[in-house]
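Just so we're aligned, residue 1 is where the sequence shown starts under the numbering used here, counting upward by one.
Single-structure report; data block below.
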Amino acid sequence: MATNDEEIRQHIEKLVAEQLPNSAIYNFLLSGVRIESAARGTVRARLALTQNHINSRGGIHGSVSATIVDWAGGMAIATWDLREKTGVSVDIHVRYLSSAGLGDEVEIEGTAEKVGSAVAFTRVVISKVVDGVAGPVVASGTHTKLPEVQGSYSELGFGH
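Structure, rendered in structure tokens:
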């Protein structure tokens with residue numbers, strides 16, 4: 001188990017550096033993510049929104065918010081005990097509450113509410129940064145994972 005928050009933050013930064021090149025969608029959408037802090041059960045990051053994140057109406061695309069919930073939920077689980085793998089997703093639910101646009105920065109806060117051997121529950125809040133601090137909530141979501149299930153989706157019988 002991690003002995004301090006700095007060790008946890010370094011672990012998350014290492015995971016991000018290893019994960020992004022191996023996930024096309026994470027690499028495309030999250031290449032600019034910065035880890036601000038991490039502690040057991042929580043991770044906080046920031047992301048400046050680029051054209052890659054914006055929908056046809058000028059706001060953050062819903063799929064971007066859903067991807068952030070997926071990613072941040074997994075990172076929150078990884079803070080629990082410095083695990084390398086966080087399992088497979090069972091359920092992701094996202095509520096779209098307001099918007100952020102091109103050039104805005106969002107703060108991402110992922111919390112692992114419970115991490116057991118069979119199931120993990122996470123909560124993620126995405127807020128628009130205003131005057132340097134988290135402001136209006138853009139989206140919030142929950143993410144449920146099976147943390148002990150390892151392997152690729154194809155090895156597990158999902159997909160092709």
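All C-beta atoms in this analysis are idealised placements derived from N, C-alpha and C, irrespective of residue type, glycine included.
As the structure is a computational prediction, the values presented were derived from the model and not from experiment.
- Query: Mapping DSSP to helix, strand and coil, what is GLU84?
  - Reply: Against the sequence shown, residue 84 aligns to sequence position 84. Residue state, collapsed to three classes: coil.
- Whole-Å CB distance - VAL115 paired with TRP71, under 8 Å assumed: In the sequence shown, counting from the first residue as 1, residue 115 sits at position 115. In the sequence shown, counting from the first residue as 1, residue 71 sits at position 71. In this structure VAL115 is not in contact with TRP71, their Cβ atoms being roughly 16 Å apart against a cut-off of 8 Å.
- Euclidean distance between Cα positions of SER31 and LEU20: In the sequence shown, counting from the first residue as 1, residue 31 sits at position 31. In the sequence shown, counting from the first residue as 1, residue 20 sits at position 20. Their Cα atoms are separated by approximately 7 Å.
- Where does GLU148 sit, in a helix, a strand or coil, going by DSSP? Your numbering for residue 148 matches position 148 in the sequence shown. In the structure shown, GLU148 sits in coil (DSSP, three-state: anything other than H, G, I, E or B).
- Message: Excluding the 5 residues flanking ALA112 on each side, which residues of the same chain have their C-beta closer than 7 Å to its C-beta?
- Response: Your numbering for residue 112 matches position 112 in the sequence shown. Closer than 7 Å at Cβ, skipping near neighbours: GLY41, ALA76, ILE77, THR79, TRP80, ALA120, THR122.
- Can you tell me whether LEU102 is buried or exposed, with buried defined as 16 or more other CB within 10 angstroms of its CB? For the purposes of this step, residue 102 is taken as the residue at position 102 of the sequence shown. So LEU102 ends up on the exposed side.
- Taking only the alpha-carbon atoms, compute the straight-line gap between VAL125 and ALA45 and give it to the nearest angstrom. Residue 125 sits at position 125 when you count from the first residue of the sequence shown. Residue 45 sits at position 45 when you count from the first residue of the sequence shown. Approximately 11 Å, taken between the alpha carbons.
- Task: Counting only the same chain and skipping the five closest in sequence on each side, list residues whose C-beta sits under 6 Å from that of GLU148.
- Result: Start at 1 with the first residue of the sequence shown, and residue 148 comes out as number 148. Excluding sequence positions up to five before and after GLU148, its CB lies within less than 6 Å of the CB of SER117, all in the same chain and listed in chain order.
- Task: Would you check if the segment 6-24 and the segment 51-67 touch, i.e. whether three or more CB-CB distances between them fall below 8 Å?
- Result: With contact defined as three or more Cβ pairs closer than 8 Å, the segment 51-67 and the segment 6-24 are not in contact.
- Using the C-alpha atoms, what's the distance from GLU36 back to GLY132? Sequence index remark: in the sequence shown, residue 132 carries index 132 (1-based). Sequence index remark: in the sequence shown, residue 36 carries index 36 (1-based). Cα-Cα distance, rounded: 13 Å.
- Message: Suppose only complete runs of 4+ residues qualify. What are the alpha helix (DSSP H) ranges in the segment 54-102, listed by chain order?
- Response: For the segment 54-102, whole alpha helix (DSSP H) runs of length 4 or above, ordered along the chain, are 62-81.
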